[in-house]
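Numbering of the sequence shown is given in our numbering, commencing with residue 47 and proceeding in unit increments.
By construction, the Cβ of each residue, glycine as well, lies at the ideal position given by its N, Cα and C atoms.
Below is one structure; the comments refer to it alone.
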Amino acid sequence: MMPLSWDEVYFAQPWAFWLVGLVVLLPILFTALHTATHRHPEGEFVSPQMHEWLLKDGVNRARLQPWATLLMWLCAFSVSIALTRPQWGLLEQTVQQEGLDIVIAVDLSSSMRATDLQPSRIENARRELAFLVEELSGNRIGLVGFAGSAFLFCPLTLDSDAVEMFLNEMTIEAVPVPGTSLGEAVRVAMETFKLSEDEKGGSKIILLLTDGEDHESRPLELAKQAAEEGIIIDTIGIGTPEGALVPDAYGGVVKNEQGEAVNSKLDGATLKEMSEITGGMFLRMDSEDDGLDAYLARLKKRQTRSFGSKTEVLRQERFVLFLGLAAILFLLALIVEEVDKRR
């Protein structure tokens with residue numbers, strides 16, 4: 047066996063070293079305090095010979111107690127070291143990867159600039175998506191951005207860092223065609239599943255984040271097609287029913303052909319119907335409740351699929367050794383205490 051180097055030791059919870067220091071310092075402080083304050087007043091009332099005899103007799107009667115105290119201290123020290131979670135040595139293990147296939151389609155139309163959600167709908171969507179991507183680590187995630195047309199930003203991947211990188215590229219300016227085409231978003235998302243090497247087994251989910259205003263692309267027909275292919279569409283409505291004016295890129299507001307300012311409202315009815323057709327879930331992201339915790343809880347109940355296996359190299363936990371040592375020291379301390387009582 048190769049000798050162990052300190053360079054090979056890793057402590058997973060280094061914050062626990064304050065407890066190690068406390069265990070070491072307390073006996074020192076107690077001993078110093080005891081030495082400074084403890085006196086033998088009996089020496090003032092008896093002869094020096096009697097005083098010496100009393101001290102010797104006390105030492106004889108209590109000579110095992112210091113050992114019990116030492117064992118208890120070593121026990122506490124071992125427990126404190128265990129709390130730092132020392133690790134050394136490497137362990138290879140094969141892990142089966144299972145999860146869901148989720149294509150997230152994000153509305154990048156100009157109406158997502160509306161400020162009924164502060165600071166804007168798109169900023170709220172990006173913040174919640176960053177949270178979702180982190181929580182969905184271990185699942186395959188793809189990204190589609192859409193406005194009047196839809197584009198694949200990121201194919202299905204297990205690499206959550208790559209997903210986060212592409213998510214940062216999803217801005218309103220990224221899709222040049224104006225409008226909101228929910229049907230096109232669903233179509234491109236469905237094509238994304240087909241690009242996967244193996245699309246069999248497990249749940250296939252399209253997560254649609256949008257304000258839902260679409261009067262042209264026949265989204266309900268695409269939802270029925272998705273249902274026929276076993277694809278679930280979950281929808282998150284971004285915005286409020288009251289709506290808000292839509293800022294343009296020049297500091298003004300977006301106006302319609304009649305020159306009237308456009309008030310963009312959440313069209314939750316269409317989104318809810320799309321989800322119902324496919325057996326999915328509809329929720330609203332507004333100032334009161336975004337429902338993401340409920341959505342994540344529901345995702346965990348859906349059927350996963352295998353993504354194969356991977357080999358992980360892990361540090362070996364060694365805290366059990368110190369806990370075992372602490373248990374032995376504790377038992378020894380109890381035995382010494384009991385023997386001392388019976389003497």
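Residue pairing from DSSP places S183 in a beta bridge opposite N185. In the three-state reduction of the DSSP assignment, N214 falls in the helix class, which pools H, G and I. In this structure D280 touches S321 by the C-beta definition: roughly 6 angstroms separates them, less than 8 angstroms. Excluding residues up to 5 positions away in sequence, L110, W113, A114 lie with their Cβ nearer than 6 angstroms to the Cβ of V382 in the same chain. A residue is called buried when at least 16 other Cβ atoms come within 10 angstroms of its Cβ; L137 does not meet this threshold and is exposed.
A straight-line Cα-Cα distance of about 8 angstroms links E319 and L266. Judged by DSSP secondary structure, K250 falls within the beta strand (DSSP E) whose first and last residues are 250-256. Restricting attention to E262, R364, G135, the CA atom closest to the CA of E54 is found in G135. The residues G248, S249, in chain order, have a CB closer than 7 angstroms to that of Q349 in the same chain once the five nearest residues on each side in sequence are set aside.
In the structure shown, L202 falls within a strand segment according to DSSP collapsed to helix, strand and coil.
Annotation: E259 to I284 spans about 11 angstroms, alpha carbon to alpha carbon. For the region 292-342, the continuous beta strand (DSSP E) assignments of 3+ residues that do not extend past its boundaries occur at 328-331, in sequence order. Taking each of V149, A160, E174 in turn and checking the Cα distance to G188, the smallest one comes out for V149. Here the alpha carbons of V308 and Q139 stand approximately 58 angstroms from one another.
Within the model, the alpha-carbon separation for G298 versus L291 is close to 10 angstroms. Under the DSSP assignment, A151 falls outside any alpha helix (DSSP H), being part of the beta strand (DSSP E) whose first and last residues are 147-153. In this structure, the alpha-carbon of L65 lies about 18 angstroms from that of F376.
Comparing C-alpha distances from V223 to each of N214, F197, I323 shows the shortest one belongs to F197. With 16 or more neighbouring CB atoms inside 10 Å of its own CB, V221 falls in the buried class. A residue is called buried once 16 or more other Cβ atoms fall within 10 Å of its Cβ, and N185 is buried on that count. For the pair D332 and N170, the Cα-to-Cα distance works out to about 9 angstroms. Counting only unbroken stretches of 3 or more residues, the beta strand (DSSP E) elements lying wholly within the region 255-292 are 277-284, in sequence order.
In the structure shown, the three-state DSSP call for A78 is helix. Among the bridge pairs identified by DSSP, A196 is matched with F192. The residues L189, F199, C200, in chain order, have a CB closer than 7 angstroms to that of F212 in the same chain once the five nearest residues on each side in sequence are set aside.
The Cβ neighbour count for D339, taken over all protein chains shown within 10 Å, is under 16; the residue is labelled exposed. P132 sits in a strand when the DSSP states are folded into three classes.
Looking at the DSSP output, R351 sits in a beta bridge with G145.
Remark: C-beta atoms of A231 and A151 approach each other more closely than 7 angstroms.
In chain order, K250 place their CB closer than 7 angstroms to the CB of G276, counting only its own chain and leaving out the 5 sequence neighbours on each side. Contact annotation: T286 and D162 have beta-carbon atoms nearer than 7 angstroms.
In terms of Cβ geometry, A62 and L129 form a close pair [threshold 7 angstroms]. A269 is positioned such that its CB atom lies closer than 7 angstroms to that of T324. When the five nearest sequence neighbours on each side are left out, the beta carbons in the same chain lying within less than 6 angstroms of the beta carbon of L371 are those of S124, in order along the chain.
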